[in-house]
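> Have a look at the structure that comes next, please.
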Amino acid sequence: MPSPRIGRFAPTPSGLLHFGSLVAAVASFVDARALGGQWLLRMEDIDPPREMPGAKHAILTTLEHYGFEWDGPVVYQSERHGLYQAVIDRWLQQGLAYACTCSRKTLESFGGIYPGFCRDAGHAPEGAAIRLRVPELRYGFEDRLQGRFEQHLGNEVGDFIIRRRDGLYAYQLAVVLDDGAQGVTDIVRGADLLDSTPRQLYLQELLGLPAPSYLHVPLLVQPDGHKLGKRYRSAPLTTDDARAQLLRALRTLGQRPSTDLDSAAPKDILAWAVRHWRVEALPRARTLAEAQLR
Ligand code: GLU
Ligand code: ZN
Numbered sequence: 184m185p186s187p188r189i190g191r192f193a194p195t196p197s198g199l200l201h202f203g204s205l206v207a208a209v210a211s212f213v214d215a216r217a218l219g220g221q222w223l224l225r226m227e228d229i230d231p232p233r234e235m236p237g238a239k240h241a242i243l244t245t246l247e248h249y250g251f252e253w254d255g256p257v258v259y260q261s262e263r264h265g266l267y268q269a270v271i272d273r274w275l276q277q278g279l280a281y282a283c284t285c286s287r288k289t290l291e292s293f294g295g296i297y298p299g300f301c302r303d304a305g306h307a308p309e310g311a312a313i314r315l316r317v318p319e320l321r322y323g324f325e326d327r328l329q330g331r332f333e334q335h336l337g338n339e340v341g342d343f344i345i346r347r348r349d350g351l352y353a354y355q356l357a358v359v360l361d362d363g364a365q366g367v368t369d370i371v372r373g374a375d376l377l378d379s380t381p382r383q384l385y386l387q388e389l390l391g392l393p394a395p396s397y398l399h400v401p402l403l404v405q406p407d408g409h410k411l412g413k414r415y416r417s418a419p420l421t422t423d424d425a426r427a428q429l430l431r432a433l434r435t436l437g438q439r440p441s442t443d444l445d446s447a448a449p450k451d452i453l454a455w456a457v458r459h460w461r462v463e464a465l466p467r468a469r470t471l472a473e474a475q476l477r
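Position 64 (the sequence shown) corresponds to 247 in the numbering used here; numbering is contiguous.
And the structure:
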C-alpha cells in the first residue's frame, strides 16, 4: 500500500488572506485531495509583534466561507515553543548551533551572508540570536513544477538564524519541525519560498526527517514586481464573492473551470477542481503579475 499523502496550508496571521493566499490555499488543497490525501491547516503564529489582532479567527472564517475543509484540529505554532527550544538546546550542546551577538551594523557590509564571526565563541549569553552552522555543500531538489533548484548553503546562504535575539523562533526551524511532526508529505506553496527550501532540506537531514515533495506555485506580484500582501495593501478576500474568486484562482493556476460552475457553491467548485486537477497545466513561472489575470 502506498503511504498516505498529507498536504497542508500554513498561513501567517500578520494579515488577512488575500488573493495570492487563496491561490496557494486552492493549489495545496486541490493537490492533496487529488492525491487522495489529507489537508492540514497550521497557523504560523510565531511572531506576535507582527500579528494582526483578529487575523487568526478571520483566516479560519474566510477559509470556511470559501468551502475549504481541513483534517483534524488547526495546529498553532504559538503552542509549540517547547519543541522548538528542545531542538535548539540539543544543537547548541552538539555545537551545530551557536549564539551570535553581532549587531546588524556589523553585518551590514556582508551582503546578507553571515561571515561566521561568532562560530567559535563557545557560550550562549541571554539575548543573543542562535544560528545554525551550515555545511559547505549544495542542497537541491526537483520541484514538481519549477524543476531542479539548488543552493550552495555555505556560499549562498550562510549560517542562518533559528532563534532571534528577541527570543522568537525562526520560520525555517518551526516549519520543518511542524511539517515533520504532522507527517506532511506534499508541500504546495508560493514560489517566494523556493529559496528557503535548501535550508529546510538541511534541517530535515539534521532531524532525520524524510524530505517531502515540493511544488512551488507562481507568486502573484503587483505590476511593479512587489509581492501581494499586507505590506503592499492588497485587498483582503471578501466573503461575498467567494465563487468568483475561487474561479479566478483556478484560472490563475491554469485550470479551466467549466461554465456550469458559474452558480456553484464554493465547496462544489473545489470538488470539481479536485476531479479535474492538472498539475501539467500550472504556469511554470516564479511570478505572475496580478493585473494580467482574468
Ligand atoms: N507561513 C508561510 C507564509 O505564510 C508559509 C509557510 C510554508 O508554506 O512553508 O508565507
Ligand atoms: Zn555573530
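All C-beta atoms, glycine included, are put in the ideal place defined by N, C-alpha and C.
Could you round the C-beta distance between Ser-396 and Asp-369 to whole angstroms and report it? I think they count as a contact, below 8 angstroms.
Here residue 396 refers to the residue found at position 213 when the sequence shown is read from its first residue. Here residue 369 refers to the residue found at position 186 when the sequence shown is read from its first residue. Rounded, the Cβ-Cβ distance is 5 angstroms, consistent with contact.
> Just jot down, in chain order, the residues whose CB lies closer than 5 angstroms to any heavy atom of the ligand ZN.
Checking every Cβ against the heavy atoms of the ligand ZN under 5 angstroms gives Cys-283, Cys-285, Phe-300 and Cys-301.
> Assign Gln-276 to buried or exposed, taking buried as 16 or more other Cβ atoms, counted over all protein chains shown, within 10 Å of its Cβ.
Locating residue 276 in the sequence shown gives position 93, counting from the first residue. The residue in question, Gln-276, is exposed, as its Cβ has fewer than 16 Cβ neighbours within 10 Å.
> Roughly how many whole angstroms lie between the Cα atoms of Asp-303 and Tyr-281?
If you number the sequence shown from 1, residue 303 lands on position 120. If you number the sequence shown from 1, residue 281 lands on position 98. Cα to Cα, the separation comes out at about 8 angstroms.
> Are the beta-carbon atoms belonging to Val-317 and Gly-341 less than 8 angstroms from one another?
Position 134 of the sequence shown, counted from the start, is the residue given in the question as residue 317. Position 158 of the sequence shown, counted from the start, is the residue given in the question as residue 341. Yes, they are a contact pair.
> Roughly how many angstroms lie between the CA atoms of Arg-263 and His-248, to the nearest whole one?
Counting from 1 along the sequence shown, the entry for residue 263 is found at position 80. Counting from 1 along the sequence shown, the entry for residue 248 is found at position 65. If I take the Cα positions, the gap works out to 28 angstroms.
> Since Val-258 sits in a beta bridge, which residues does DSSP pair it with?
Within the sequence shown, numbered from 1, the residue matching residue 258 stands at position 75. Paired residues: Arg-225.
> Is the beta carbon of Pro-395 within less than 7 angstroms of some heavy atom of the ligand GLU?
Mapped onto the sequence shown, residue 395 falls at position 212. Checking the Cβ of Pro-395 against the ligand GLU gives no.
> When burial is assigned at 16 or more other CB atoms within 10 Å of the CB, is Asp-407 buried or exposed?
Within the sequence shown, the letter at position 224 stands for residue 407. Flag for Asp-407 reads exposed.
> Can you list, in chain order, the residues of its chain with a C-beta nearer than 6 angstroms to that of Glu-227? Leave out the 5 residues immediately preceding and following it.
Taking the sequence shown and counting its residues from 1, the one referred to as residue 227 is at position 44. Result list for Glu-227: Ala-193, Thr-195 and Gln-260, in chain order.
> Let's see if you can read the secondary structure: which residues bound the alpha helix (DSSP H) around Gly-203?
Within the sequence shown, residue 203 is the residue found at index 20, counting from 1. Taken as a continuous stretch (DSSP letters only), the alpha helix (DSSP H) holding Gly-203 covers 202-217.
> Answer with buried or exposed for Pro-401, where buried requires no fewer than 16 other C-beta atoms within 10 angstroms of its C-beta.
Looking up residue 401 in the sequence shown gives position 218. So Pro-401 ends up on the buried side.
> Determine the DSSP secondary structure at Tyr-354, reduced to helix, strand or coil.
The sequence position of residue 354 within the sequence shown is 171, counting from 1. In the structure shown, Tyr-354 sits in a helix (DSSP, three-state: H, G or I).
> Quick check: does the Cβ of Val-358 come within less than 7 angstroms of any heavy atom belonging to the ligand GLU?
Reading the sequence shown from its first residue, position 175 is the one you call residue 358. Within the cutoff, so yes.
> Return the Cβ separation of Arg-191 and Ser-211 in integer angstroms, given the expectation that the two are a contact with Cβ distance under 8 angstroms.
By 1-based counting over the sequence shown, the position of residue 191 is 8. By 1-based counting over the sequence shown, the position of residue 211 is 28. At roughly 7 angstroms, the Cβ-Cβ gap stays under 8 angstroms, so Arg-191 and Ser-211 are in contact.
> Please go through the same chain and pick out, in chain order, the residues whose beta-carbon is closer than 7 angstroms to the beta-carbon of Leu-308, but skip the five residues on each side of it.
Residue 308 sits at position 125 when you count from the first residue of the sequence shown. According to the sequence displayed, residue 308 carries Pro and not Leu. Correct list, in chain order: Ala-282 and Thr-284.
> With respect to the beta strand (DSSP E) encompassing Leu-328, which residues constitute its N-terminal and C-terminal limits?
For the purposes of this step, residue 328 is identified with residue 145 of the sequence shown, where counting begins at 1. Neither: Leu-328 is in no beta strand (DSSP E) and is coded neither H nor E.
> Nearest by alpha-carbon distance to Tyr-267: which of His-459, Tyr-352, Ala-364 and Arg-431 is it?
Taking the sequence shown and counting its residues from 1, the one referred to as residue 267 is at position 84. It is Tyr-352.
> Compute the beta-carbon to beta-carbon distance between Leu-279 and Leu-386, rounded to the nearest angstrom, for a pair I have assumed lies under 8 angstroms.
Residue numbering aside, residue 279 sits at position 96 when the sequence shown is read from its first letter. Residue numbering aside, residue 386 sits at position 203 when the sequence shown is read from its first letter. In fact, because the Cβ distance is near 11 angstroms, the residues do not count as touching under 8 angstroms.
> Below 8 angstroms between beta carbons: does that hold for Gly-391 and Ile-189?
As a first step, residue 391 must be located in the sequence shown, where it is residue number 208. As a first step, residue 189 must be located in the sequence shown, where it is residue number 6. No, Cβ-Cβ distance for Gly-391 and Ile-189 is not below 8 angstroms.
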